[in-house]
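**Q** Here's a structure for you.
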Amino acid sequence: MRLPPIAPADLTDEQKPLYDDMKHGIASSFSAFKTIDANGALIGPWNPWLHEPVIGKGVWELTKAMTAQATLADKPRQIAILVTGAHFDAAYEIYAHVAVAETEPMSPQRLSQLCANIKPGDLSAEESVAYDVAFALVNGGVLPEPCYRLALDTFGQHGTNELIYLVGLYALVSMTLNGFNVPVPERE
Numbered sequence: 001m002r003l004p005p006i007a008p009a010d011l012t013d014e015q016k017p018l019y020d021d022m023k024h025g026i027a028s029s030f031s032a033f034k035t036i037d038a039n040g041a042l043i044g045p046w047n048p049w050l051h052e053p054v055i056g057k058g059v060w061e062l063t064k065a066m067t068a069q070a071t072l073a074d075k076p077r078q079i080a081i082l083v084t085g086a087h088f089d090a091a092y093e094i095y096a097h098v099a100v101a102e103t104e105p106m107s108p109q110r111l112s113q114l115c116a117n118i119k120p121g122d123l124s125a126e127e128s129v130a131y132d133v134a135f136a137l138v139n140g141g142v143l144p145e146p147c148y149r150l151a152l153d154t155f156g157q158h159g160t161n162e163l164i165y166l167v168g169l170y171a172l173v174s175m176t177l178n179g180f181n182v183p184v185p186e187r188e
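In terms of the UniProt record's numbering, the sequence shown opens at residue 1 and continues consecutively.
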C-alpha cells in the first residue's frame, strides 16, 4: 500500500466532506465487501481518492452518477466490471465484484473463468454482449462495429453508452488500485 489509510480524526477540512459523502454512498451501494478498516478509514479506491480530494471528488461523482443512473441489469454490469478488473489484474476490484456477483448468485465456475479472462459458456445473451464489449474495449482500439451494433440491438443507445462508460470507469478504478498497490482485505 503506497498511501496510508486516513483515520477520520486525521482528515483535513477539505477531505472531511468527501469522506462523509463516500462513506454514506458506500454504505448504501457497496455493502457486499469490506470498504472501511478497523480505524474507520476508507480502503479500496476510496482511500487514494481521499488523498487528492479535488480529483477524488470528481471520480466519486462519476461513480455515484454511474450507480444512480444504472439501467443495465446487474449481471451484465458485474460481468463487464469483472472483465475489466481481470484484464488489469486489479486485485481489490476483483475481490469486491466477486463478492457482489456471489449475491446474484453467479457460480464459482463462472466467476473463476471471468477472473481468468475466459468467456464462460453459460452466459445469457445480454451477459455475452456485455462480456464482448468489455473485452474488446480493455484490449484497446476502436470497439469493433459488430460488437457496437450488437450492443445497440441488445441494450439500446443509452444502455450501450452506459456499458462503454462503465468499462472506462472501472479501467480508472483499476489504475487507481494498481498504481497505489491497494491491498485486498481478508474475506470474512
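Just so it is clear, CB atoms sit at the ideal spot from N, CA and C, and this is done for glycine as well.
With distances taken from CA atoms, which of 43, 54 and 98 is nearest residue 75?
**A** If you number the sequence shown from 1, residue 75 lands on position 75. Comparing Cα positions, the closest option is 98.
**Q** Specify whether the stretch 119-135 and the stretch 78-90 touch according to this definition: at least 3 beta carbon pairs, one from each stretch, less than 8 Å apart.
**A** The stretch 119-135 vs the stretch 78-90: in contact.
**Q** Among 69, 81, 15 and 63, whose alpha-carbon lies nearest the alpha-carbon of residue 94?
**A** Taking the sequence shown and counting its residues from 1, one reaches residue 94 at position 94. Nearest C-alpha to residue 94: 81.
**Q** Taking a contact to mean a Cβ-Cβ separation below 7 Å, would you say residue 8 touches residue 40 in this structure?
**A** Counted from its first residue, the sequence shown places residue 8 at position 8. Counted from its first residue, the sequence shown places residue 40 at position 40. Taking 7 Å as the Cβ cut-off, residue 8 and residue 40 qualify as a contacting pair.
**Q** For the 8 Å Cβ check, are there 3 or more pairs between the stretch 170-185 and the stretch 37-52?
**A** At 8 Å Cβ cutoff, the stretches touch.
**Q** How do the stretch 147-156 and the stretch 111-119 stand: do at least 3 beta-carbon pairs fall below 8 Å, yes or no?
**A** Contact fails: fewer than three Cβ-Cβ distances are below 8 Å.
**Q** Quick one: is residue 257 buried, meaning 16 or more other Cβ sit within 10 Å of its Cβ, or exposed?
**A** Beyond the ends of the chain as shown, which are 1 and 188, falls residue 257; an answer cannot be given.
**Q** By how many angstroms is the C-alpha of residue 169 removed from the C-alpha of residue 62?
**A** Taking the sequence shown and counting its residues from 1, the one referred to as residue 62 is at position 62. Taking the sequence shown and counting its residues from 1, the one referred to as residue 169 is at position 169. Their Cα atoms are separated by approximately 8 Å.
**Q** Kindly indicate which residue of 79, 16 and 1 has the alpha-carbon position closest to the one of residue 113.
**A** Sequence index remark: in the sequence shown, residue 113 carries index 113 (1-based). Comparing Cα positions, the closest option is 79.
**Q** Residues in the same chain with beta-carbon distance under 6 Å from residue 92, minus the five sequence neighbours each way, listed in chain order, please.
**A** For the purposes of this step, residue 92 is taken as the residue at position 92 of the sequence shown. Contacts found: 44, 177, 182 and 184.
**Q** Give the single residue among 127, 167 and 29 whose Cα lies nearest to the Cα of residue 67.
**A** Stepping through the sequence shown from its first residue, residue 67 is reached at position 67. The candidate whose alpha carbon is nearest that of residue 67 is 29.
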